[in-house]
């Protein structure tokens with residue numbers, strides 16, 4: 014990822030640096046120098062106590078920390094297809110979910126990594142968006158939440174699913190099960206794609222008539238959770254001790 018970012022950087026941009034590090038320890042960043050910290054698809058792996066100590070150290074007063082995760086793909090308007098997707102993620106691949114991150118991610122959308130340091134942080138905000146076709150009891154949408162939607166082909170969805178951690182774990186546990194692209198009889202993702210196509214009458218007819226299933230377009234929506242916190246402003250005192258300015 015670092016190599017790809019460096020390759021994509023424009024030649025006339027010289028003020029961007031790339032570092033590999035744990036979020037809980039960022040010694041290459043000076044204290045109170047950061048305006049904005051963003052972590053996407055990573056917060057469920059953080060260790061909260063040392064993380065927020067480090068955020069308190071590096072973020073300047075008034076600066077912001079933002080954690081954003083999304084997932085739990087829902088195929089909109091295709092209930093039979095969506096059932097195959099949900100079975101794949103929440104039944105078939107459950108033994109291969111990496112822990113503890115996936116439990117944090119799924120635990121009623123209440124991150125343990127949420128800021129609890131009320132002495133140093135304020136404006137604590139939690140925005141959650143749940144797809145209309147998603148069955149998430151006890152979880153409701155938050156006004157202002159970011160809706161994660163995407164229109165793509167089944168081919169691009171297959172490629173995306175193959176990048177997921179639980180799929181990698183499944184493949185490590187089943188090295189003999191090569192994908193169709195690899196010349197094998199199929200792996201867990203190939204089975205999912207077949208189940209999705211079988212679950213939709215129009216898709217079955219399209220493939221039976223000679224169409225390429227990878228060209229079929231789908232509308233996806235994902236659960237989205239956004240956590241934000243703002244570093245409290247320090248107080249500076251004027252000549253008059255009764256006057257305070259933020």
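In this note's numbering, the protein residues as written are 14 to 259. Beta carbons are placed, not taken as given, at the ideal position from N, Cα and C, and that holds for glycine. Quantities reported herein were computed from a predicted structural model and do not represent experimental measurements.
Considering only the alpha carbon of each residue, which of the options lies closest to residue i?
i           : options            : result
residue 163 : 233, 192, 190      : 233
residue 244 : 138, 202, 175      : 138
residue 155 : 167, 145, 141, 72  : 141
residue 147 : 87, 129, 199       : 87
residue 237 : 134, 85, 45        : 85
residue 72  : 59, 36, 107        : 36
residue 184 : 105, 214, 134      : 105
residue 90  : 132, 145, 76       : 145
residue 205 : 175, 215, 222, 225 : 175
residue 66  : 128, 93, 34        : 128
residue 100 : 220, 212, 46       : 212
residue 226 : 171, 62, 241       : 171
residue 177 : 26, 25, 55, 15     : 55
residue 78  : 38, 110, 135, 247  : 135
residue 48  : 70, 27, 34         : 70
Could you please give me the residues that DSSP links to residue i through a beta bridge?
i           : result
residue 217 : None; residue 217 has no bridge partner.
residue 164 : 232
residue 237 : 83, 142
residue 51  : 79
residue 242 : 78
residue 88  : 233
Count the other C-beta atoms from every protein chain shown that fall within 10 angstroms of the C-beta of residue i, then say buried if there are 16 or more, exposed otherwise.
i           : result
residue 40  : exposed
residue 18  : exposed
residue 161 : buried
residue 29  : exposed
residue 64  : buried
residue 195 : exposed
residue 179 : buried
residue 68  : buried
residue 51  : exposed
residue 121 : At residue 121 the pLDDT is 49, less than 50, meaning the model places this residue with poor confidence and gives no usable figure here.
My output table needs one value for residue i: the three-state DSSP class, helix, strand or coil.
i           : result
residue 169 : helix
residue 95  : helix
residue 101 : helix
residue 201 : helix
residue 15  : helix
residue 258 : Note that residue 258 has pLDDT 46, beneath the 50 cutoff, so the model's placement of it is unreliable and no number is given.
residue 130 : coil
residue 137 : strand
residue 26  : coil
residue 72  : strand
residue 33  : coil
residue 208 : helix
residue 42  : coil
residue 20  : helix
residue 226 : helix
residue 247 : coil
residue 190 : coil
Pull up the CB-CB distance for residue i and residue j, whole angstroms please, since I reckon it's below 8 Å.
i           : j           : result
residue 159 : residue 239 : 6 Å
residue 187 : residue 200 : 7 Å
residue 94  : residue 235 : Not quite, the Cβ-Cβ distance comes to about 15 Å (not below 8 Å), so this is no contact.
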